[in-house]
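K.L.:
Pasting in a structure now, in structure tokens, and then I'll have a few things to ask.
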Amino acid sequence: MSFAKFARSPLVWVLIVALAMRLGMGLWWQAQLPPGARFAFPDSESYWSLAGAMARGEPYAFGTPPAMVFRTPGYPLILAGLFITAGREPPVSAAIALNAVLGVLAVLGVYALAVRLFDRRTGLVAATIVALYPGAIGTSVFILSEAAFCPLLIAQLLATTLAWQSAGTKATIALAVAAGCCAGAASLVRPSWLLFVPFALAVGLLSGRHLKRHLLCGVCSLVGLAIVMAPWWMRNYRVTGHFVPTTLQVGASLYDGLNPRATGASEMSFVPGFVALEEQEPEGGESFEYRLDRRLRSASLEWVETHPGRALQLALVKFVRMWNVWPNEAEFRSWPMRMAVAATYVPLLLLALIGAFRFTPRGWSYALCWLPAVYLTLLHMIFVSSLRYREPAMLPLAILGAGALMFYPPHKGQGSAPAAGDLREA
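Heads up: the sequence shown at position 262 corresponds to 261 in numbering that gives the first Met the number 0, and the numbers run straight through without jumps.
So this is what it looks like as structure tokens:
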């Protein structure tokens, strides 16, 4: 294909629009911040600080006293490149541009996966939906880990699909290991993703079909996951003396979602009280960070044991918060904002549900498009919940939505047979 023909291809223009939307919205949002404010969210400051520490070769720690296992290193490692290339304190606009590029990679990944499951036209529709969908744009606007997590999630699903559809055993193993490596990278960006591979394997085995293939792909993916996560696990054991699979913020996150004052939203004002309590009554000779995590985790589990009904009620509240048709937070609940969210989210969700119902019988590759939504929903019915946490799952759902849009109702000769890659599942 000549460059001129390539430049005129619809996909290139979709990617250009995706980049412009993300870059423009990111710079606009940054301009709305109060004078002197660099970030809208406290989490952004921790990613930025850790990225700078990595670039300067300083200890990977954040806060006072220094927390050594506060964040997984995936997103700070990506941001660290800015500190290396742009100086000791790069402009936030550089990170916005980097996030915009990551968002474009997610759009490109959605196109590739949709083409694999359907055809090029459907791939272009899916890419266009994700390029313009406000929720997907939002994942690239803020200096938060979703920017890097989304393309890695799609890369994992694409590699898993290629492994599942591969005819050769060697190719299946290689692609499944690659999918596991993508899962490991995604988990180093968003620690909550760590259990997705075993979750998907369990769901596949419970389906009762193609058990050997599920075992082969699942076990190989677990190997890839372990390969990528192993350096972080070894580092955590070295600094804490314990196996810490992700971070020592699990206890705080769990208590945030399950405590006497929990509402389903994040509200971390309880942390200083637990810090003071731990300083007065240490529970052992472990590091302060490790003891604090265990104290918070124990307090949360003890509360659930004595208030199971309230915990179940909170789970329902969190479900509604995650899949609400408009923003949960008061500052984003103006009627124009409500209508903008509802008008884009509701049609896409309905199309995705139609696509899931219509195409899941074609095989496991299609079920993988809605499985992240199920996993993340179950997870955030335990921890805190908001619209933010559904947005990565909306990307693969958009593929099913595009399939429903292009194939439903089915035209003659369309939508009546499984895609070529899944013929073995028919």
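Cβ coordinates follow ideal geometry from the N, Cα and C atoms, glycine included.
In this text the structure is predicted, and so the values were computed from the model without any measurement.
By alpha-carbon positions, which one of L386, I172 and A372 ends up nearest to L152?
P.N.:
A372
K.L.:
Could you give the first and the last residue of the continuous alpha helix (DSSP H) run that contains L399?
P.N.:
E390 to F406
K.L.:
Runs of 4 residues minimum, wholly inside the stretch 338 to 379: which ones carry the alpha helix (DSSP H) assignment?
P.N.:
363 to 366 and 370 to 379
K.L.:
Looking at V106 and V13, is the spacing between their C-beta atoms short of 8 Å?
P.N.:
yes
K.L.:
In the structure shown, what three-state DSSP assignment does A66 receive?
P.N.:
strand
K.L.:
Which of the three DSSP states, helix, strand or coil, is assigned to A182?
P.N.:
helix
K.L.:
Using three-state DSSP, classify F331 as helix, strand or coil.
P.N.:
helix
K.L.:
Within a Cβ cutoff of 6 Å, which residues of the same chain sit near A351, ignoring the five residues on either side of it in sequence?
P.N.:
L396, L399 and G400
K.L.:
Are the stretch 326 to 345 and the stretch 128 to 135 touching by the rule of at least three beta carbon pairs closer than 8 Å?
P.N.:
yes
K.L.:
On the CB-based measure, 16 or more other CB atoms within 10 Å of its CB, does L394 come out buried or exposed?
P.N.:
buried
K.L.:
Taking the straight line between their C-alpha atoms, what separation do you get for T245 and W232?
P.N.:
8 Å
K.L.:
Closest to G362 by CA distance: which of A93, W163 and A17 is it?
P.N.:
The candidate whose alpha carbon is nearest that of G362 is W163.
K.L.:
Does DSSP put F61 in a helix, a strand or coil?
P.N.:
Correct three-state label for F61: strand.
K.L.:
Please report the residue range of the alpha helix (DSSP H) in which N323 lies.
P.N.:
Segment: none, N323 is in no alpha helix (DSSP H) and carries neither H nor E.
K.L.:
Which same chain residues, not among the five before or five after M380, have their C-beta less than 7 Å away from its C-beta?
P.N.:
A314, K317 and F318
K.L.:
Rounded to whole angstroms, what's the CA-CA distance from G102 to Q31? Just pull it up for me.
P.N.:
So the two alpha carbons sit approximately 21 Å from each other.
K.L.:
Specify whether the stretch 40 to 52 and the stretch 73 to 91 touch according to this definition: at least 3 beta carbon pairs, one from each stretch, less than 8 Å apart.
P.N.:
Taking a cut-off of 8 Å on C-beta distances, the stretch 40 to 52 touches the stretch 73 to 91, as three or more cross pairs fall below it.
K.L.:
Report the option in L291, S268 and F269 whose CA atom is closest to the CA atom of Q279.
P.N.:
L291
K.L.:
Pick helix, strand or coil for N258, following the three-state DSSP scheme.
P.N.:
coil
K.L.:
In its own chain, which residues sit with a C-beta less than 6 Å from the C-beta of A251, not counting the 5 before and 5 after it?
P.N.:
The answer, listed in chain order, is L295.
K.L.:
Taking the alpha-carbon positions, what's the T160 to L221 distance?
P.N.:
Their backbone Cα atoms lie some 15 Å apart in a straight line.
K.L.:
Within the same chain, show all residues whose beta-carbon is closer than 6 Å to that of R208, passing over the 5 residues directly before and after it, in chain order.
P.N.:
none
K.L.:
Rounding to the nearest angstrom, what Cα-Cα distance links Y365 and R357 in this structure?
P.N.:
10 Å
K.L.:
Under 8 Å: do the stretch 118 to 125 and the stretch 65 to 74 share three or more Cβ pairs, one atom per stretch?
P.N.:
no
K.L.:
Since S268 contacts R320 with CB under 8 Å, what's their CB separation in whole angstroms?
P.N.:
With 8 Å as the limit, S268 and R320 do not qualify as a contact, their Cβ atoms being about 19 Å apart.
K.L.:
Straight-line CA distance for P41 to T168?
P.N.:
Rounded to whole angstroms, P41 to T168 spans 47 Å at the Cα level.
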